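Quick note: the sequence shown uses numbering that gives the first Met the number 0, first residue 0, plus one each step.
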Amino acid sequence: MTLTCGSTSPWPCTCCACGESRRRVVRLGLGPVDFELRSDFIPLCDLLKYCGITETGGMAKQLVAEGMVLVDGEVELRKRAKIRSGQVVSGEGFSIRVE
């Protein structure tokens, strides 16, 4: 979401007087992302941050806590869930295939 001021941060605007809320943490419109795993697993919140779905780990944790992230088609509420090769992490406007 881009605000009047041009900022894309999900937090309330502090750079100008546009007064718009930035509640969304997901960068919508990303196509499918392939993520190459270099170890046995990656924590879910780290995966969301590394793939650019959220700007910070805190935003990733919030996204998971709100039930907006699916792992293999099911809602995942564990922020540090171990994501392994072959799993698909998705949500509104994004999909990550872990290889």
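For each residue, glycine too, the CB sits at the ideal point set by N, CA and C.
Please read these numbers as outputs of a predicted model, since none were measured by experiment.
Enumerate in chain order the residues of its own chain whose CB-to-CB distance from residue i is below 6 Å, with the five nearest sequence positions on each side excluded.
i, result
"M99", "Lying before the first or after the last residue shown, residue 99 is absent from the chain, which here runs from 0 to 98."
"A80", "L43"
"G56", "C44 and K48"
Where does residue i land, buried or exposed, given buried means 16+ other C-beta within 10 angstroms?
i, result
"A59", "buried"
Going by CA-CA distance only, name the one from the options that's closest to residue i.
i, options, result
"G72", "A64, G57, I95 and K78", "I95"
"R37", "T55, V88 and R83", "R83"
"C50", "P31, Q61 and E65", "P31"
Quick one: residues in its chain with C-beta nearer than 7 Å to the C-beta of residue i, no 5 flanking neighbours on either side, listed in chain order?
i, result
"V63", "L43, C44, E75, L76 and K78"
"E35", "E98"
Suppose you measure from the CA of residue i to the CA of residue j; what does that come to, to the nearest Å?
i, j, result
"D39", "D33", "16 Å"
"E54", "K48", "6 Å"
"I41", "V97", "10 Å"
"L69", "V88", "6 Å"
"G85", "L46", "14 Å"
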